[in-house]
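The structure under discussion appears below in the form of structure tokens.
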Amino acid sequence: MFARPTFRTVLGLLLVPAFAAAALAQYEIDWHTIDGGGVMFSTDSQGDFELSGTIGQHDAGPTGGAMTGGGFELVGGFWTLPSQVCTLLGDLNLDGEVDGDDVQLFINCLFSVDGSNCPCADFDGGGVSAGDVSLFVAALMQ
3 MFARPTFRTV LGLLLVPAFA AAALAQYEID WHTIDGGGVM FSTDSQGDFE
53 LSGTIGQHDA GPTGGAMTGG GFELVGGFWT LPSQVCTLLG DLNLDGEVDG
103 DDVQLFINCL FSVDGSNCPC ADFDGGGVSA GDVSLFVAAL MQ
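Numbering-wise (my numbering), the sequence shown opens with residue 3 and increments by one.
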């Protein structure tokens, strides 16, 4: 008569630490970086500058995916520049004229991975390529 309740009591006492350990589990991030980034924009003809940045930005995971582990998911990434609105082809710094200040920016767009944020460097509408070089030089010489 006492055997069955005693067995249940002992079994219950043995299982309590197992459930308590799971309930009190501490999560740990055992690897991290402190990342930062930013960009400096020239904001006017007087040479005033604006600096934008991020401190402690989380890490970017695999392309198109999230970093996962257990039941957790972290979607990371980087700031991107907004798409540029081009009002004058060749005017990459958006100061209203095509001049020597645009040359390095054009070269950066020409040799970038995708050139997707360089509409003012894409003279022929086919993406920034070698075909745009002579058209940029012509705009620069005007």
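The beta-carbon is built from N, C-alpha and C at its ideal position, and this holds for glycine as well.
Predicted model only: the values in this text are computed from it and were never measured.
At which residues does the alpha helix (DSSP H) containing A141 begin and terminate? Taking the first residue of the sequence shown as position 1, residue 141 is located at position 139. Start and end: 135-143.
What distance in whole Å lies between the Cβ atoms of L94 and D101, which are believed to be in contact at a cut-off of 8 Å? Taking the first residue of the sequence shown as 1, we reach residue 101 at position 99. Taking the first residue of the sequence shown as 1, we reach residue 94 at position 92. Not quite, the Cβ-Cβ distance comes to about 10 Å (not below 8 Å), so this is no contact.
If you measure between the beta carbons of G92 and C120, is that distance less than 9 Å? By one-based count along the sequence shown, residue 92 stands at place 90. By one-based count along the sequence shown, residue 120 stands at place 118. No; because the gap between Cβ atoms is not below 9 Å, this pair is not in contact.
Would L112 and D134 be called neighbours here (beta carbons separated by less than 9 Å)? The residue labelled residue 112 in the question sits at position 110 within the sequence shown. The residue labelled residue 134 in the question sits at position 132 within the sequence shown. Taking 9 Å as the Cβ cut-off, L112 and D134 qualify as a contacting pair.
Go through its chain and collect everything with a Cβ distance to F108's Cβ below 7 Å, but skip five positions before and after it. Looking up residue 108 in the sequence shown gives position 106. For F108, same chain residues with a beta-carbon under 7 Å away, outside a window of 5 residues either side, are L94, A123, F138 in chain order.
Would you kindly work out how many angstroms separate the C-alpha atoms of L90 and S114, rounded to a whole number? By 1-based counting over the sequence shown, the position of residue 90 is 88. By 1-based counting over the sequence shown, the position of residue 114 is 112. Cα-Cα distance, rounded: 21 Å.
Determine the extent of the alpha helix (DSSP H) in which C111 is found, giving its start and end residues. Numbered from 1 along the sequence shown, position 109 holds the residue referred to as residue 111. That run of the alpha helix (DSSP H) goes 105-112.
Could you tell me if A141 is buried or exposed, where buried requires 16 or more neighbouring beta carbons within 10 angstroms of its beta carbon? Your numbering for residue 141 matches position 139 in the sequence shown. By the 10 Å Cβ count, A141 comes out buried.
Drop a sphere of 10 angstroms on the beta-carbon of V130, count the other beta-carbons inside from all chains shown, and report buried for 16 or more, exposed for fewer. As a working mapping, residue 130 is identified with position 128 in the sequence shown. Buried.
S136 to G71 span [Cα, whole Å]: By 1-based counting over the sequence shown, the position of residue 136 is 134. By 1-based counting over the sequence shown, the position of residue 71 is 69. CA-CA distance, S136 to G71, rounds to 51 Å.
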